[in-house]
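Residue numbering for the sequence shown follows this note's numbering, beginning at 1 and increasing consecutively.
Each remark here refers to the structure printed beneath this line.
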Amino acid sequence: GDSLTAGFCRGGREFVPYPRTLAERISSLCSASCEVLVCGLTGMRADTMADGLASQELVDMMGYKGKGLGRILDESGPFDAVL
């Protein structure tokens, strides 16, 4: 299937990470540069991510590791917007 977070599309035949497109679109609308940080994890359900908000390390179904959203906001911010 497709995954917005990971950028897999066309049944997994292509990988187009959405942060690049999002940054380009925001920049074109605002006439300013921007940086987009993504913390999505493949195949991880919302309740699992919510349970791991403060986690130093979460592991998705592909074996990729990432921090919990709360930890990212505390350690990598400040951010102008969070979606």
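For every residue, glycine included, the Cβ atom is placed at its ideal position computed from N, Cα and C.
Spatial neighbours of Cys34 in its chain, beta-carbon cut-off 6 Å, leaving aside the 5 residues before and after: Ala23, Ile26 and Ser27, listed in sequence order.
Residue of Val36, Gly11 and Cys30 minimising C-alpha distance to Arg20: Among Val36, Gly11 and Cys30, the Cα nearest to that of Arg20 belongs to Val36.
What three-state label does DSSP hand Gly43 in the structure shown? Reduced to three states, the DSSP call for Gly43 is coil.
Residues in the same chain with beta-carbon distance under 8 Å from Arg13, minus the five sequence neighbours each way, listed in chain order, please. There are no such residues.
Close beta carbons around Asp74, own chain, < 7 Å, minus the five adjacent residues each side: Contacts found: none.
DSSP bridge partner residues for Leu83 (one or two, in chain order): Within the DSSP secondary-structure output, Leu83 pairs in no beta bridge.
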